[in-house]
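In this note's numbering, the protein residues as written are 3 to 203.
In this text, a Cβ means the ideal position worked out from N, Cα and C, and glycines have one as well.
Notes follow once the structure below has been shown.
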Amino acid sequence: MESKIDAMNKIQYDDSSRTTSEKGVEFIQALKPCKNGHLALRYSKFGACIECVRENNAKNRSKNGHKYDAWNRKWRHENKVYFSAHAQRFRMKHPEQAMLRNMLGAAKRTTKRRNLPFNLESSDIEIPAVCPVLGIEIRKTLGVGKRTDNSPSLDRIIPERGYVKGNVIVVSWRANRLKQDASIEELRKIADFYQRIAQKD
Ligand SMILES: [Zn+2]
Numbered sequence: 003m004e005s006k007i008d009a010m011n012k013i014q015y016d017d018s019s020r021t022t023s024e025k026g027v028e029f030i031q032a033l034k035p036c037k038n039g040h041l042a043l044r045y046s047k048f049g050a051c052i053e054c055v056r057e058n059n060a061k062n063r064s065k066n067g068h069k070y071d072a073w074n075r076k077w078r079h080e081n082k083v084y085f086s087a088h089a090q091r092f093r094m095k096h097p098e099q100a101m102l103r104n105m106l107g108a109a110k111r112t113t114k115r116r117n118l119p120f121n122l123e124s125s126d127i128e129i130p131a132v133c134p135v136l137g138i139e140i141r142k143t144l145g146v147g148k149r150t151d152n153s154p155s156l157d158r159i160i161p162e163r164g165y166v167k168g169n170v171i172v173v174s175w176r177a178n179r180l181k182q183d184a185s186i187e188e189l190r191k192i193a194d195f196y197q198r199i200a201q202k203d
């Protein structure tokens, strides 16, 4: 499966190294360095060196950063259908990954809005099968944008510390919703109060 350009450049590949990215782009390891000396993966379709592409992109971005962003936004806007279809495919194929991304995205937006610290990666988060607070099932399948009591939800153990490593736990959306930003003391008062008045009858 050698492309025309590959044949012209006489690039030799390690055929066993063929890998496909999440987005369906195929890469292959070249056996000789590129003209800039990278012994890196190549785009199998064009033979371009991924290190060279990365360097060029970075150069362009630092030179024309703002223009680049505007262009990107415009392109995304004009190709909405493609992007939503791609996101849909990703959700179907990797429901748990998609869910983690969703939760991280939401957490990031919250930290930005409330000026809280954030340093999470998806590997920091584990979605349990059962809510550790309420014992109800946590459903890992991503619905059509609809959150239920059983949806996983990222909770800050100590809210003001923000979404940082060691300060987050996944609970059911119901548990998170009930707790909101209450302190342990407040939660205890709520439980005690209702227990007291319920026992009066
Ligand atoms: Zn290169």
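Runs of beta strand (DSSP E) with 3 or more residues, each lying fully within the region 27-70, are found at 28-32, 43-45, listed in chain order. Secondary structure of residue 83 (DSSP, three-state): helix. Judged by DSSP secondary structure, residue 113 falls outside any beta strand (DSSP E) and instead within the alpha helix (DSSP H) spanning 97-116. Check the Cα spacing between residue 103 and each of 125, 85, 118, 114: the tightest is with 125. A distance below 6 Å between beta-carbons, with the five flanking residues on each side excluded, links residue 68 to no residue of its chain. Residue environment: residue 105 is assigned as buried (16 or more neighbouring CB atoms within 10 Å of its CB, all protein chains considered). Residue 120 is bridged by DSSP to 165.
Any heavy atom of ligand 1 counts here; residues with a Cβ closer than 5 Å to one of them, in chain order, are 36, 38, 40, 51, 53, 54. The region 131-142 and the region 151-170 touch, with no fewer than 3 CB-CB distances between them shorter than 8 Å. Taking 8 Å as the cut-off, the Cβ atoms of residue 164 and residue 119 count as close.
Burial check for residue 122: the Cβ neighbour count within 10 Å reaches 16 or more, so the residue is buried. In this structure, residue 157 and residue 173 form a Cβ contact; the two beta carbons are roughly 5 Å apart against a cut-off of 8 Å.
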